[in-house]
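A.B. asks: Numbering (the working numbering), first residue to last: 67 to 399.
1) Sorted by chain position, which residues of the same chain lie with C-beta nearer than 6 Å to residue 392's C-beta, five sequence neighbours on each side aside?
2) Buried or exposed for residue 364, please, with buried defined as at least 16 other CB atoms from any protein chain shown within 10 angstroms of its CB.
3) What does the Cβ neighbour count give for residue 162, buried or exposed, with the cut at 16 atoms within 10 Å?
4) Under DSSP, the beta strand (DSSP E) around residue 211 begins and ends at which residues?
5) Any chance you could list the beta strand (DSSP E) runs of at least 3 consecutive residues sitting entirely within the stretch 139 to 187, in chain order?
6) Taking the alpha helix (DSSP H) that residue 332 falls in, what are its first and last residues?
7) Which same chain residues end up closer than 7 Å to residue 386 when comparing Cβ atoms and leaving out the 5 residues on each side of it in sequence?
8) Drop a sphere of 10 angstroms on the beta-carbon of residue 388, count the other beta-carbons inside from all chains shown, and report buried for 16 or more, exposed for fewer.
9) Over what stretch of residues does the beta strand (DSSP E) that includes residue 239 continue unbroken?
10) Residue 120 and residue 270 look like a contact to me (Cβ under 8 Å); what is the Cβ gap, rounded to whole Å?
11) With DSSP run on the structure shown, which of helix, strand or coil describes residue 233?
12) How about residue 144 and residue 130: do their beta carbons lie closer than 8 Å?
13) Would you kindly work out how many angstroms separate the C-alpha atoms of residue 258 and residue 173, rounded to a whole number?
14) Is there contact between the stretch 313 to 325 and the stretch 244 to 259, where contact requires at least three CB pairs shorter than 8 Å?
15) When the Cα atoms are used, what is the spatial distance from residue 321 to residue 266?
16) I need the DSSP call for residue 301, collapsed to helix, strand or coil.
17) Mind checking which residues open and close the alpha helix (DSSP H) that includes residue 413?
18) Would you report the Cα separation of residue 194 and residue 245, rounded to the nearest angstrom?
19) Could you tell me if residue 99 is buried or exposed, where buried requires 16 or more neighbouring beta carbons within 10 angstroms of its beta carbon?
20) Report yes or no: do three or more beta-carbon pairs, one from the stretch 340 to 356 and one from the stretch 290 to 309, lie closer than 8 Å?
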């Protein structure tokens, strides 16, 4: 995921900011009609298990393109999901990076209740960044990051959601997509600037153009990105508000009803490039991004640095994010 590197790109999105706050009811897709969320019976999510899944990914090392760590971690996720999902599809593809290098990627799609016509799409990226270009030490700017929060945290939450989803019946169908090659856009030290930022989120671009099943549709989608930091604060990101305002507002309502307003805060923040953008624009599925996107204009403090490690991961944050998402899914029956 990318913060805009140039002020000019922010200006390109100024119109989006205006529209998303003045025309927030652009679409009317609803998460559900239940208002007393305390009565929604959801399966028991284990924060310890989610934490362990985050650590397991990091133990492979940086999951950068064409690396053994990426292959081994991808195989680990595939094997895990096959234990719980009704179907698992591996979508292999080639992509070209900002520097012209060709790399191989794998999107991993796990489906539950495949015959259900009402479906929820959840996603996270499972790669980690090839360059620690925001590290305070310039000598580290060409070093791969571990990506405990930026990558592994969202995957860990979704893995545990997959496990517990099988323990309690739900009429909704659920599709979990692990996107590859999300975090390989041009680094700060390069002089390459891709105006539309299409050098980011390569896996979601491929999936949105080539869904795992023909004519795939979901009622709505939730993207998880950087959802494990101990002091996380999730704001209402502008792209999400433009494309899927009713979904975002409902998710934040659920969080408020459950007492999580200290983490799911009401502030609206600037647009960012993340996987949900391509899902909205290409696949036409209304998708929001639950992401630490601070009103000060930054992501979490160790974003794209070598300190994005397990020391930054907090079990409470993982559980809160899952609690809100599971309530949304089970309230939609």
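Where is the CB? At the ideal position from N, CA and C, for every residue including glycine.
C.D. replies: Working from what's here:
1) 108
2) exposed
3) exposed
4) Per DSSP, residue 211 belongs to no beta strand (DSSP E) and is neither H nor E.
5) Correct list: 153 to 162, 168 to 178.
6) Segment 330 to 335 is the beta strand (DSSP E) holding residue 332; no alpha helix (DSSP H) there.
7) Cβ within range, chain order: 326, 329.
8) So residue 388 ends up on the buried side.
9) 239 to 245
10) Contact doesn't hold; Cβ gap of about 21 Å is too wide.
11) coil
12) no
13) 26 Å
14) Because the criterion of three Cβ pairs below 8 Å is not met, the stretch 313 to 325 and the stretch 244 to 259 do not touch.
15) 29 Å
16) strand
17) The requested residue 413 does not occur in the structure, where the chain is confined to residues 67 to 399.
18) 11 Å
19) Its pLDDT being 45, under 50, residue 99 is placed unreliably by the model, and the measurement read from it follows with that caveat. Exposed, by the Cβ-count rule.
20) yes
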